[in-house]
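Residues in the sequence shown are numbered consecutively from 1, following our numbering.
Below you'll find the structure, written out as structure tokens, and then a few comments.
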Amino acid sequence: MPDRDAYLIDGLRLPVGKAGGLYKNVIPEHFTAHLLRAFREKYPILNTELDELLLGTAVGTGGNPARYALLEAGFSPNIPATTLDFQCGAGLRALVVGEAQLKSGQSHCLLVGGMESASLAPRRQYHPRDGRFTSEANFYERAAFAPASFGGSDLIEAAENAALACKVSKEELIAWTVESHRRAAQTVAEGYLKSNIVPWNGVWIDQPIRPTLSVETLRAGQTPRLTDHTTAAHRHDGAGLLLLGSLDFCEKLALKPAFRVVASALAGGPPHLAPLGVIWSTEKLLTQTGRVIADVDLFEVNESFAVKPLAFARHWRLPAEKINRFGGNLAYGHPFGASGAINTLHLMRALTL
């Protein structure tokens, strides 16, 4: 029986920009095309062997931006591209879909990841006949994630609920945020990720990282809430891509990839505790693979809110050193649809040290 595993061959990303910063006037399809061109230059065979581009986004302009970016990058028009909307999980969801396509034999070579531009997020309105419409002057940033009967769907409220449920203190949340920036700054200084970052106009360092951030600085700006701007990731721009391939594809290129996608799992739960999904999905993954948490060397947990990695560490009784070795989204930023691919790339690099 042929080997139908999915192998992670490589990953590249752009430096993350602040909203209104590095990419403030650049449409996301354009900076993503820049990243795609870098991949094609590194692996010219992609122009004939690539089966599909799977690209996640959360606040895109509609249409099929993945296809737009692929064509702008100069790839063959015979290569299809699919845009996925799974909100903050879109980049990781693209990886999971790609894994399924490879393991089923549908594909043998894929680029998966995500892109996001908070700087150029479109203004949206409900239709005047929609009961949620208020006035022509009012726009909304995102649709509700759950019906009102579920107690609201604002993620920052869900993060607050999760922090209260897990008995995480504000001091712990602030300390985690500062440590995330410290690790990210050290990673930049050591150059661990430099070979995986495609510069934009000569810039390769992520704009959001604050090397001198201190606990005192965050305390000065904190509110009485556990989750606020001091303990949550902000809106950012960026793109990240991963090259996935079958064993046959790797052998064709004489590649010996260091990473295999063993399994993936999705899990749902109460919307008012959404940030705890990282715990629920991990429990499901361990069950279906017959593994235990001690079998895992390192973890990468999206830091959209500081409570997520803290709750994860507390639940599994893990030392902080095993989570987000290079720092996380609190430091690098959270370009929604791209974060899953960026986080996976960071985990790949951390596992090689």
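Note that CB positions come from ideal geometry on N, CA and C, so glycine has one too.
No experiment lies behind these values; they were computed from the predicted model shown.
Notebook entry, point to check: With DSSP run on the structure shown, which of helix, strand or coil describes Y68?
Noted result: helix
Check: In angstroms, rounded to a whole number, what distance separates the CA positions of L310 and N324?
Finding: In a straight line, the C-alpha of L310 is about 11 Å away from that of N324.
Check: Going by other Cβ atoms of all chains shown within 10 Å of its Cβ, with 16 needed for buried, is D237 buried or exposed?
Finding: buried
Check: Opposite A6 in the DSSP bridges: which residues?
Finding: V261
Check: Would you call the CB atoms of K18 and P199 closer than 9 Å?
Finding: no
Next item on the list: Identify, in the order they occur along the chain, each residue of the same chain with its Cβ nearer than 8 Å to the Cβ of A263, setting aside the five sequence neighbours on each side.
Entry: L285, Q288 and T289
Margin query: Tell me the residue span of the beta strand (DSSP E) that contains D130.
Written below: Premise fails: D130 is in no beta strand (DSSP E) and is neither H nor E.
Next item on the list: Less than 8 Å between the CB atoms is what I'm expecting for I79 and L92, so what's the real figure, rounded?
Entry: Actually they do not touch by this definition, with Cβ atoms about 22 Å apart.
Notebook entry, point to check: Which class does W316 belong to by DSSP, given the choice of helix, strand or coil?
Noted result: DSSP places W316 in helix when its eight states are reduced to three.
Check: Hey, out of D297, C166 and A100, whose CA is closest to K308's CA?
Finding: C166
Checklist line | Cross-strand partners of K18 (DSSP beta bridge) | finding: H236
Item checked: CB contact flag (G327, A184, <9 Å) -> Less than 9 Å separates the beta-carbon of G327 from that of A184.
Checklist line | For I323, the residue or residues it bridges with in DSSP | finding: F299
Next item on the list: List the residues that DSSP assigns as beta-bridge partners of I197.
Entry: R13
Checklist line | L226 to S180 span [Cα, whole Å] | finding: Their backbone Cα atoms lie some 17 Å apart in a straight line.
Next item on the list: Find the nearest neighbour of V59 within the set G113, P335 and L53, judged by alpha-carbon distance.
Entry: P335
Notebook entry, point to check: Going along the chain, which residues of its own chain have a beta-carbon closer than 6 Å to the beta-carbon of F249, five neighbours each way excluded?
Noted result: H108 and C109
Item checked: Same chain, Cβ closer than 7 Å to E116, five either side skipped, listed in chain order -> For E116, where only same-chain residues beyond five positions count, the Cβ hits under 7 Å are P28, T57, A58, V59, D237, G238, P335, F336, G337 and A338.
Notebook entry, point to check: Where do the N-terminal and C-terminal ends of the beta strand (DSSP E) with T82 fall, by residue?
Noted result: A81 to L84
Notebook entry, point to check: Does the distance from the CB of T282 to the CB of F312 come in under 9 Å?
Noted result: yes
Check: Does DSSP put S180 in a helix, in a strand, or in coil?
Finding: helix
Item checked: Terminal residues of the alpha helix (DSSP H) in which V215 lies -> V215 to G221
Notebook entry, point to check: Which term fits E303, buried or exposed, when burial requires 16 or more other beta carbons within 10 angstroms of its beta carbon?
Noted result: buried
Notebook entry, point to check: Looking only at its own chain, which residues have a Cβ that is under 8 Å from the Cβ of T187, when we skip the five neighbours before and after it?
Noted result: Leaving aside the five residues that flank T187 on each side, the residues in its chain whose CB is nearer than 8 Å to its CB run, in chain order, L193, F326 and G327.
Next item on the list: Could you check what DSSP says for S119 in three-state terms: helix, strand or coil?
Entry: coil
Item checked: Cβ-Cβ separation, A159 to F305 (assumed contact under 8 Å), whole Å -> 4 Å
Check: Out of curiosity, what's the CA-to-CA distance linking L218 and D228?
Finding: Near 10 Å, if we compare the C-alpha coordinates of D228 and L218.
Check: So E99 packs on V261, CB below 8 Å; how close in whole Å?
Finding: 5 Å
Check: So, G74 versus R40, is the Cβ gap smaller than 9 Å?
Finding: yes
Check: Does DSSP put F75 in a helix, a strand or coil?
Finding: Here F75 carries a coil assignment [DSSP, helix/strand/coil].
Item checked: Collapsed DSSP secondary structure at H346 in the structure displayed -> helix
Check: For L111 versus L276, is the C-beta distance shorter than 9 Å?
Finding: no
Next item on the list: Tell me whether T231 is buried or exposed, calling it buried when 16 or more other Cβ atoms sit within 10 Å of its Cβ.
Entry: buried
Margin query: Tell me the rounded alpha-carbon separation between C88 and P44.
Written below: Answer to the nearest angstrom: the Cα atoms are 31 Å apart.
Item checked: Sub-9 Å separation of L35 and A81 beta-carbons -> no
Next item on the list: Pick out whichever of S119, Y7, R13 and D5 has its Cα sitting closest to the Cα of V203.
Entry: R13
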